[in-house]
DNA sequence: TATTGTTATACTCTATAACTATA
DNA sequence: TATAGTTATAGAGTATAACAATA
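Protein chains in written order, with our numbering: chain W, 4 to 169; chain L, 4 to 169.
Here it is, written out as structure tokens:
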């Protein structure tokens with residue numbers, strides 16, 4: 004493998020994604036504080052709006068978050084009347100979580116407030132490029148999260164790749 | 004403002020970015036573990052490669068990370084011989100941090116290993132779209148982080164926006 | 001006196017384990 | 001017996017404060 008090829012093929016988006024997300028999150032915190040929200044609340048509300056009602060377990064899976072953490076998250080949101088927990092009629096163990104009208108409104112307010120943060124963090128991109136970015140992110144995140152089996156297979160491939168490279 | 008306009012203008016990339024970055028990070032952890040790296044190490048190495056040598060304070064600023072945290076991060080990386088700390092000749096208080104050859108090699112290995120993670124997390128996007136995403140992220144992150152003054156101004160604008168919306 | 005880096009410490013976030021209720 | 005959700009608790013991650021060396 005030539006050095007040029009290495010340059011071309013081995014630069015990945017992962018680190019950039021994390022780096023950009025961190026900057027966005029740090030700036031967002033101060034803007035969201037007056038609304039009584041934290042970035043993770045916004046993520047949860049966004050998922051509920053975009054994907055619709057779901058069980059707490061479903062939410063945990065989607066957010067790749069531990070179930071115990073979802074409890075606390077929903078406690079916050081429910082205390083503010085932004086989401087609702089209802090027992091599922093089909094399976095009374097389940098709680099169906101849904102966005103309330105108040106929650107949808109608050110989410111809109113938050114996104115409006117975050118416009119300036121986005122202007123700042125994505126300052127290097129013009130309007131068209133931001134639209135493209137939003138579209139790509141939207142589609143990438145709408146994919147169902149991979150199963151554990153897939154993740155394991157993925158780890159295997161990566162390990163082989165590392166061995167070969169050494 | 005009409006409901007349609009609200010739909011159009013108030014959907015922001017922040018939550019999506021954080022959501023996608025989290026999924027990427029969780030998957031990356033297992034793949035990077037055999038290399039003795041954690042996602043944040045990779046971010047630091049990536050920044051050092053892309054932006055070149057810098058002081059610890061510079062690194063803290065770039066990574067939007069507390070200085071005390073940078074110390075621990077660099078301790079890890081230096082113990083593995085992936086980065087080097089040298090006293091600056093001009094200002095002996097400063098440590099100039101630079102990527103070693105070993106570090107550059109390890110970074111390449113890591114990025115290779117992460118290819119399968121990216122395939123999984125960005126499964127909904129085709130090759131072209133991933134290139135576009137990489138390009139957008141690359142340009143967005145190469146922008147200098149905003150100063151505190153700018154962040155404060157940004158918060159003000161956001162607050163005004165919230166008031167108006169209520 | 002101010003700044004760079006370090007150490008010690010407290011705080012927050014996240015995950016693991018045991019419990020209640022439904023199935 | 002297994003699953004959805006909850007609570008209590010321990011471990012990891014992150015930030016705040018005091019300190020040493022240099023400017």
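Yeah, the Cβ is synthetic: ideal placement off N, Cα and C, and Gly gets one too.
Because the structure is a prediction, the values reported are computed rather than measured.
Problem - Spatial distance of residue 21/W from residue 90/L (CA atoms) - result: 30 Å
Practice task
Check the Cβ of residue 31/L against every Cβ in chain W and list those closer than 7 Å, keeping chain order.
Solution key: 17
Practice task
Please state if the CB of residue 41/W and the CB of residue 32/W are separated by a distance shorter than 8 Å.
Solution key: yes
Exercise for the section: Determine the closest residue to residue 39/L out of 79/L, 68/L, 62/L, 19/L, with distance taken between C-alpha atoms. Expected result: 79/L
Problem - Sequence-distant residues of its chain with Cβ nearer than 8 Å to residue 17/L (five each side left out) - result: none
Handout entry: Residues, ordered as in the chain, of the segment 67 to 88 of chain L that lie near chain W by beta-carbon distance below 8 Å
Key = 67
Practice task
Mind checking who residue 87/W pairs with in its DSSP beta bridge?
Solution key: 101/W
Practice task
Check the Cβ-Cβ distances between residue 62/L and every residue of chain W, and say whether any is below 8 Å.
Solution key: no
Practice task
Please determine, among 19/W, 60/W, 28/W, 52/W, the residue with the shortest C-alpha to C-alpha distance to residue 145/W.
Solution key: 52/W
Practice task
Mind checking the segment 111 to 135 of chain L against chain W and listing, in chain order, the residues whose C-beta falls within less than 9 Å of any C-beta there?
Solution key: 111, 112, 113, 114, 115, 116, 117, 118, 119, 120, 121, 122, 123, 124, 125, 126, 127, 128, 132, 133, 135
Handout entry: Residues from the segment 37 to 49 of chain L in contact with chain W, defined by Cβ distance under 7 Å
Key = 37, 38, 42, 45, 46, 49
Handout entry: Chain-ordered chain W contacts of residue 141/L [CB-CB under 7 Å]
Key = 19
Problem - Under the three-state DSSP convention, the category residue 145/L falls into - result: helix
Handout entry: Where residue 58/W falls: helix, strand or coil (DSSP)
Key = strand
Exercise for the section: Name, please, each residue of chain W whose Cβ falls closer than 9 Å to the Cβ of residue 23/L. Expected result: 20, 24, 140, 143, 144
Practice task
Would you kindly work out how many angstroms separate the C-alpha atoms of residue 165/W and residue 119/L, rounded to a whole number?
Solution key: Note that residue 165/W scores a pLDDT of 48, beneath 50, so its modelled location is shaky; the value from the coordinates is reported in the next line. Their Cα atoms are separated by approximately 12 Å.
Practice task
Can you pull the chain L residues whose beta carbon is under 7 Å from the beta carbon of residue 109/W, in chain order?
Solution key: None at all; the shortest Cβ gap to chain L is about 10 Å.
Practice task
Report the residue from 126/L, 129/L, 84/L, 111/L whose alpha carbon sits nearest the alpha carbon of residue 15/W.
Solution key: 111/L
Exercise for the section: Below 7 Å CB to CB, which residues in the same chain sit around residue 83/L once its five sequence neighbours on both sides are set aside? Expected result: 39
Problem - Whole-Å CB distance - residue 56/W paired with residue 99/W, under 8 Å assumed - result: 5 Å
Handout entry: Helix, strand or coil at residue 125/W [DSSP, three-state]
Key = coil
Handout entry: Backbone CA spacing between residue 71/L and residue 93/W [nearest angstrom]
Key = 52 Å
Exercise for the section: Within 10 angstroms of the Cβ of residue 86/W, are there 16 or more other Cβ atoms? Answer buried if so, exposed if not. Expected result: buried
Handout entry: Where residue 31/L sits in the DSSP three-state scheme
Key = helix
Problem - Pairwise C-alpha distance: residue 75/W and residue 45/L - result: 31 Å
Practice task
Return yes when the Cβ of residue 117/W is within less than 8 Å of the Cβ of residue 67/L, no when it is not.
Solution key: no
Exercise for the section: Give a yes or no on whether 8 Å exceeds the smallest Cβ distance from residue 27/W to chain L. Expected result: yes
Exercise for the section: Please name the residue in 132/W, 143/W, 81/W whose C-alpha comes closest to that of residue 107/W. Expected result: 81/W
Problem - Backbone secondary structure at residue 119/W - three-state DSSP - result: helix
Handout entry: Counted within 10 angstroms of its Cβ, other Cβ atoms place residue 49/W as buried (16 or more) or exposed
Key = buried
Handout entry: 8 Å CB neighbourhood of residue 58/W in its chain, flanking five on each side removed
Key = 91, 97, 98, 99, 100
Practice task
Label residue 105/L either buried or exposed according to how many other C-beta atoms from any shown protein chain fall within 10 Å of its C-beta, with 16 as the threshold for buried.
Solution key: exposed
Practice task
Compare the C-beta of residue 95/W against all C-beta atoms of chain L and say whether one is closer than 8 Å.
Solution key: no
Practice task
At 9 Å on the CB atoms, spell out the chain W contacts of residue 90/L, in chain order.
Solution key: In chain order: nothing, as chain W lies at least about 28 Å away.
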